[in-house]
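Numbering (full-length UniProt numbering), first residue to last: 1 to 270.
Ideal Cβ positions, reconstructed from N, Cα and C, are used throughout, including at glycine.
Here it is, written out as structure tokens:
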């Protein structure tokens, strides 16, 4: 992996560079201090990850991340800052992580391990998708039905194993496989997310949260609920021709509203 450090305090930049070298195989290709210099740099070179301070000259880190988010090929972004209050905005920008200063070596090491693992997984997924495209172009003997079946199988597999989402807990961004999410519930102005790694409270509406999930496996079963179809263990008939959903490993039950019953039955083939 190629990395860029964006930090206007030289001691902090040098410390982070040292920790990256000590705990990963990531190559730091440059250290910059100014937001506009970063944009110029990225016009000429590509990197896989940017370690980005927020309070930098010319163009602050949040604004810079907004610009980078429009790139066709987006690097991972890890925010590095002394301030907790930007964590929610970092989540909105889909940052990979949010690291507070002063740096904690164990926290940095754990983040770097997650980062390299995510990069390897994404790279392997890209290779599989390119291989699928090559097979379509060259294997002319394969029938349309055979190709459609293999494509759908690969698509479903990628949807289950290749998707991640950033969840927020105590100002930390936790990168989570969407397959590990059981369901989400709207509660006033936030969304509660229930996962294999516990509960998270997200500062977004349930509609916004649902939009970030793979639509193949996550179903808006009720005005206040989104459920992971792959985590359903039991479908219980309920009053007024609706259903209650019992999920794996959980005691909670998720309702299917009357207006969603027909679509749910089609999805579950019942």
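When DSSP states are grouped into helix, strand and coil, residue 192 belongs to the strand group. The C-alpha of residue 225 lies about 10 Å from the C-alpha of residue 207. Around residue 234, the same chain offers 245 and 246 as residues with beta carbons nearer than 8 Å, after the five sequence neighbours per side are excluded.
In this structure residue 23 does not touch residue 62 by the C-beta definition: roughly 26 Å separates them, more than the 8 Å allowed. The beta carbon of residue 212 sits closer than 7 Å to the beta carbons of 165 from its chain, once the five residues preceding and following it are set aside; these are given in chain order. Residue 218 is bridged by DSSP to 228. The continuous beta strand (DSSP E) containing residue 177 extends over residues 172-177. Close CB contacts of residue 76 within its chain, under the 6 Å cut and outside five residues either way in sequence, are with 49 and 96 (chain order). If the five residues before and after residue 240 are omitted, its C-beta is found closer than 8 Å to the C-beta atoms of 258, all from its own chain and listed in chain order. Here residue 231 is buried. Its C-beta has 16 or more other C-beta atoms within 10 Å. Cβ-Cβ distances below 7 Å link residue 172 to 98 in the same chain, with the five nearest sequence neighbours on each side left out; the list follows chain order. In the DSSP assignment, residue 98 falls outside any alpha helix (DSSP H) and lies within the beta strand (DSSP E) extending over 97-100. For residue 268, the enclosing alpha helix (DSSP H) stretches over residues 261-268.
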